[in-house]
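Residue numbers (our numbering): 1 to 556.
Beta carbons are placed, not taken as given, at the ideal position from N, Cα and C, and that holds for glycine.
Everything on this sheet refers to the single structure shown next.
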């Protein structure tokens, strides 16, 4: 019937890395000291393939040459519901009443297709059917494309019902817009464990109907591993296993734990549950965790006393998130959660037979939002949250200095820019503010990858603070199955933190780090790093000597 552009092709998959954010964007989200993957910035790009769209001005096979002269008297435009026909006819007005070529007519027709594309109508276009232009009459046909049928092959189990509901959203819109197409195909990528390869050929008939053909598969179980080792602490690994989309709700149940206990005698377990609650991508999230530790980093008071802490922490969270924007290159989510933290810290005074116990149970409401946008050369991530504590619902503390009805704000972000082909600069920053005396679990934390690579992970904390880092890296991209990327990098970071009322010294961290990342850009990543403190001394060694570390992350 006509010559048309290549079909739309998507390779959609749900992976853990693309859905998570760098840990340093929110140091309060999890227990400090847990192993954290040291990943390239590109690991956090939105997980969707770019789309190919119909090429403007495709035509049916014509018996005439492009240079054929036409004395055009009128243009008959057939089909179409979006634009007034007299408005489209204005495009051809310069050609009417004078001698023009077939190439001129084709270019004018391309302008209609360009308008469809610019207005976001993904499968819509205009074309010239085969004709002889007798009596100076040209026929132009408008095709406003939509998805009429969906064919999903492959065994994904009961979650196919959710895929069908999302696909029905595509079928419901006529003509189909890019915004709708990208939103619901992106939501498909967020179904845990599901991978989809989809093809959408251009409409084959003038009524605009086409068929989305997809090949889908599901990993019912996945596992993750993150481990770190440095010359100050022993090896620890955070192991996780997830059950994915066993029902039509698109749920994920994950269990993770920290092994072995290590020098800080840490015991940590966490249970997470997430599921879709509607066809617009809203999700329910539940989590519970338990943590016990004897941290090796002591607390130094202004009067010179040094305190040895023992930590017990239980966390519970119930929340909802909604994707406000879901596209191949952009994702904006917003959500709210109610959470509880039961925290107990016992401080033994070094050199004295004294101890003091601080117990704080908090109840708080959080409003959070995350935004990611990417193109071929740039990635931007912005994350923020507002947190309000309550002096009710079981909240309690034996420390009168702690404000249970605290209010705090968090704003953080990352921007990576590629330049000179394989070079990349990565700027990251975080700001935490509160005018209250915060419970320990709510304080800003700096150290390690949280803007203090030359220090232990829990080197510094405070009621408010800021951190900033800049990384320069170079990527050697290779063919092969085992090592596809080698990325040497250099990082400078800086952070400050303060307490509003507590008699604890302000912290001043800065460090420089040199490292190498390598992996297969899919399943595993290894990072070797040497970092040196340049401001405060490290509290676990009381010096500024270099720290050497190796981190390994794997997902299957």
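For residue 428, the CB contacts under 6 angstroms within the same chain, skipping 5 residues up- and downstream, are 414, 469 in chain order.
Within the model, the alpha-carbon separation for residue 508 versus residue 311 is close to 24 angstroms. When the five nearest sequence neighbours on each side are left out, the beta carbons in the same chain lying within less than 7 angstroms of the beta carbon of residue 318 are those of 286, 337, 338, in order along the chain.
A direct Cα-Cα distance of roughly 34 angstroms separates residue 208 from residue 283.
A direct Cα-to-Cα measurement between residue 184 and residue 386 gives close to 29 angstroms. Here residue 265 is not bridged, per DSSP, to any residue. Within the model, the alpha-carbon separation for residue 535 versus residue 263 is close to 25 angstroms. With respect to the 8 angstroms criterion, residue 265 and residue 293 are classified as neighbours on the basis of their beta carbons.
Bounds of the beta strand (DSSP E) holding residue 228 are 221-230. A distance below 8 angstroms separates the beta carbons of residue 181 and residue 122. In the DSSP assignment, residue 165 falls within the unbroken alpha helix (DSSP H) covering 160-172. When only Cα atoms are considered, residue 242 and residue 20 end up about 15 angstroms apart.
Closest in C-alpha terms to residue 144, from the list 156, 490, 154, 113, comes 113.
In this structure, the straight-line span from the alpha carbon of residue 248 to that of residue 192 is close to 11 angstroms. The residues 406, 407, 408, 409, 442, 463, 464, 500, in chain order, have a CB closer than 8 angstroms to that of residue 434 in the same chain once the five nearest residues on each side in sequence are set aside. The continuous beta strand (DSSP E) containing residue 417 extends over residues 407-419. Beta-bridge partners assigned by DSSP to residue 309: 347. Taking a cut-off of 8 angstroms for Cβ pairs, the stretch 153-160 and the stretch 85-104 do not touch, as fewer than three such pairs fall below it. The Cβ atoms of residue 344 and residue 359 sit closer than 8 angstroms to each other. Boundaries of the beta strand (DSSP E) harbouring residue 125: 125-127, taken from the DSSP string. Three or more pairs of CB atoms, one per stretch, sit closer than 8 angstroms, so the stretch 319-338 contacts the stretch 365-380.
Within 10 angstroms of the beta-carbon of residue 421 lie fewer than 16 other beta-carbons, which makes it exposed.
Beyond the five residues adjoining it in sequence on each side, residue 482 comes within less than 7 angstroms, by CB distance, of 520 in the same chain, given in chain order. In its chain, beyond the 5 residues on either side, 184, 187, 188, 279 have a beta carbon closer than 7 angstroms to the beta carbon of residue 166.
In this structure, the CA atom of residue 491 is about 35 angstroms from the CA atom of residue 316. In this structure, the alpha-carbon of residue 220 lies about 20 angstroms from that of residue 281.
DSSP places residue 130 outside any beta strand (DSSP E), giving it a letter other than H or E.
When DSSP states are grouped into helix, strand and coil, residue 275 belongs to the strand group.
Judged by their CB atoms, residue 37 and residue 551 are nearer to each other than the 8 angstroms cut-off.
Less than 8 angstroms divides the Cβ of residue 430 from the Cβ of residue 24.
If you check the CB distance, residue 89 and residue 70 do not come in under 8 angstroms. Restricting attention to 120, 72, 99, 107, the CA atom closest to the CA of residue 82 is found in 120. A distance of 8 angstroms or more separates the beta carbons of residue 547 and residue 493. Ranked by Cα distance from residue 140, the options 148, 146, 147, 131 are led by 131. For the set 104, 544, 369, 418, the Cα lying nearest the Cα of residue 411 is the one of 369. Between residue 224 and residue 244, the beta carbon gap of about 12 angstroms keeps them out of contact (Cβ cut-off 8 angstroms).
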